[in-house]
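The structure appears below as structure tokens.
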Amino acid sequence: DRHTIAFIGLGAMGRPMVANLATNLVPRCTGVAIRVYDIADGPGQELQELFPHVVQKTDSIRAAVSDAVRLASLLLHKTVVFTMLPESAHVRSVYLDPHGGIISTLGQDSAKILVDCSTIDTATSLHVKSEVARIAPRSFFYDCPVSGGVLGAAQGTIAFFMGCSSSDPNLPRLHELLDCMGSKAIPCGGPSLGLAAKLSNNYLSGIITIAASEAMDMGMRAGIDPATLASVFASGTAQNRQCDVFNPVPNVCPQAPSSKGYRGGFRVELMKKDMGLAVDMARRIGAKNVLGVSGLGVYAAASAAEDCKGLDSRVVYRYLGGKES
Ligand code: NAD
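Numbering follows the numbering used here, with no gaps: position 240 of the sequence shown is 221.
This is the structure:
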């Protein structure tokens, strides 16, 4: 089988995702071309050097997408275009910019599969989808955000939350590619529901992190040893991953970011962004979101605090005044 892929956005997540695609697709396929683009030069260059026969760096969105299409039509295959961008504004520009955005490269007959893995708001995603349908009715657009962080992207263990039904005709082809980059791909029901799932997930994990920080601090101030407290939570009704694997208190989990000066992991600014998107979504659809609003306040303040900004989101433990030794 042959694949032609374009990948736009080679940051903390996109770069390792391309590396895994290149590594895992090659043994299975007779021919793979991954055409990559980022406004920064470095990551594309590095990927091309690492995978010289598979990855080709390009200098524009148009070059990544159009050349990929030319190749694909030779091979009689639909091109798949992935995007992994920071925020809604970047996704709008990369897809909708009339001068060189993805949609400007599509014609009425283009038959492409466009997969946006960025975490953005559902309204932007639905708007891009409807513009794709208007300009190129034979192409498909999916929201497909991920969970699992930079480490998961590097290890190929991320989960994809797909904005489609489980009977979508493109699912087999998508699975083939997503399985090279992650360990799970869950169809969430329909357009924008991958994002709704991702925002609900990050709302929950963000709130659990704050609650875990407060609960650890409370028990420790009462005199309980942090490791004992963590094992109490692990055996009781409070059992959760933020305590078991990513405990916000330094040195409870040696591999957790908190034990490495809150370095690595999921930046507090990204949690603030996702919590903000979740609160907006809840407001728009009439869901009560009491903890979301206070959680957003905590992550916004921690993102602005000198001793927390740029660090892993579990640094809210420090922001909330938790003891670190
Ligand atoms: P990042 O900022 O590291 O990477 C984004 C990349 O997009 C950068 O390399 C940037 O140069 C590029 N870019 C920006 N505008 C562009 C344009 N117009 N054309 C081409 N490239 C452009 O971000 P990231 O950490 O890789 O996150 C990407 C998305 O994934 C975000 O929406 C984030 O919320 C989500 N996410 C991140 C994590 C994580 O742990 N970092 C985990 C899950 C989901």
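No residue lacks a Cβ here, since even glycine has one placed at the ideal position from N, Cα and C. Computed from a prediction, not measured in an experiment: that's the story for all the values here.
- Does at least one heavy atom of the ligand NAD sit under 7 Å from the Cβ of ASP19? yes
- Task: Verify whether the separation of the beta carbon atoms of ALA45 and VAL17 is less than 8 Å.
- Result: yes
- Item | LEU87: CB within 7 Å of a non-hydrogen atom of the ligand NAD | no
- To the nearest whole angstrom, what separates the beta carbons of PRO235 and PHE227, a pair I think is in contact under 8 Å? Incorrect: roughly 12 Å between the Cβ atoms, too far for contact.
- If you measure from the CB of GLY(-5), is any heavy atom of the ligand NAD nearer than 7 Å? yes
- Item | Same chain only: Cβ atoms within 6 Å of SER91, ignoring 5 sequence neighbours per side | ALA117 and SER120
- Item | Buried/exposed call for ALA177, threshold 16 Cβ in 10 Å | buried
- Query: Taking the alpha carbon of ARG43 as the point to measure from, which residue in ALA70, ASN182 and GLY88 has its own alpha carbon closest?
  - Reply: GLY88
- Query: How about MET65: is its Cβ closer than 7 Å to a heavy atom in the ligand NAD?
  - Reply: yes
- Message: Less than 7 Å separating the Cβ of SER128 from some heavy atom of the ligand NAD?
- Response: yes
- Extent of the continuous alpha helix (DSSP H) to which GLN37 belongs: That residue, GLN37, is in no alpha helix (DSSP H); its beta strand (DSSP E) goes 36 to 38.
- Using the rule of at least 16 other Cβ atoms within 10 Å of the residue's Cβ for burial, across every protein chain shown, is PRO153 buried or exposed? exposed
- Thinking just about the alpha-carbon of each residue, which of ALA114, CYS98 and PRO67 is nearest to the one in SER85? ALA114
- Message: Could you tell me the alpha carbon to alpha carbon distance between PHE96 and TYR123, rounded to whole angstroms?
- Response: Phe is not the amino acid found at residue 96; the sequence shown has Val there. Looking at the two C-alpha atoms, the distance is approximately 5 Å.
- Among ASP102, LEU185, MET(-2) and CYS145, nearest to PHE63 - alpha-carbon criterion: MET(-2)
- Message: Could you check if ILE71 belongs to the surroundings of the ligand NAD, using beta carbon to heavy atom distance under 7 Å?
- Response: Looking at the sequence provided, one finds His at residue 71 rather than Ile. True, at least one ligand heavy atom lies under 7 Å from that Cβ.
- Query: Got a sec, what are the start and stop residues for the alpha helix (DSSP H) VAL72 sits in?
  - Reply: 69 to 77
- Item | Every unbroken beta strand (DSSP E) inside the segment 151 to 220 [3 residues or more] | 163 to 168
- Task: Label LYS59 either buried or exposed according to how many other C-beta atoms from any shown protein chain fall within 10 Å of its C-beta, with 16 as the threshold for buried.
- Result: buried
- Message: Whole angstroms are fine: how far does the CA of PRO33 sit from the CA of GLN223?
- Response: 39 Å
- Item | Where ASP261 falls: helix, strand or coil (DSSP) | helix
- Compare the Cα-Cα distances from SER146 to each of SER216, SER181, ASP19 and PRO172 and report the closest residue. PRO172
- Message: Taking its Cβ as the centre, do 16 or more other Cβ atoms sit within 10 Å of THR218, making it buried, or is it exposed?
- Response: exposed
- Euclidean distance between Cα positions of CYS98 and LEU2: 14 Å
- Query: Going along the chain, which residues of its own chain have a beta-carbon closer than 6 Å to the beta-carbon of ASN221, five neighbours each way excluded?
  - Reply: ILE189
- Proximity below 8 Å, CB of GLY130 to CB of PHE247: yes
- Output the distance between the C-alpha atoms of ASP102 and GLU112, rounded to the nearest integer angstrom. 16 Å
- Sequence-distant residues of its chain with Cβ nearer than 8 Å to ALA208 (five each side left out): VAL233
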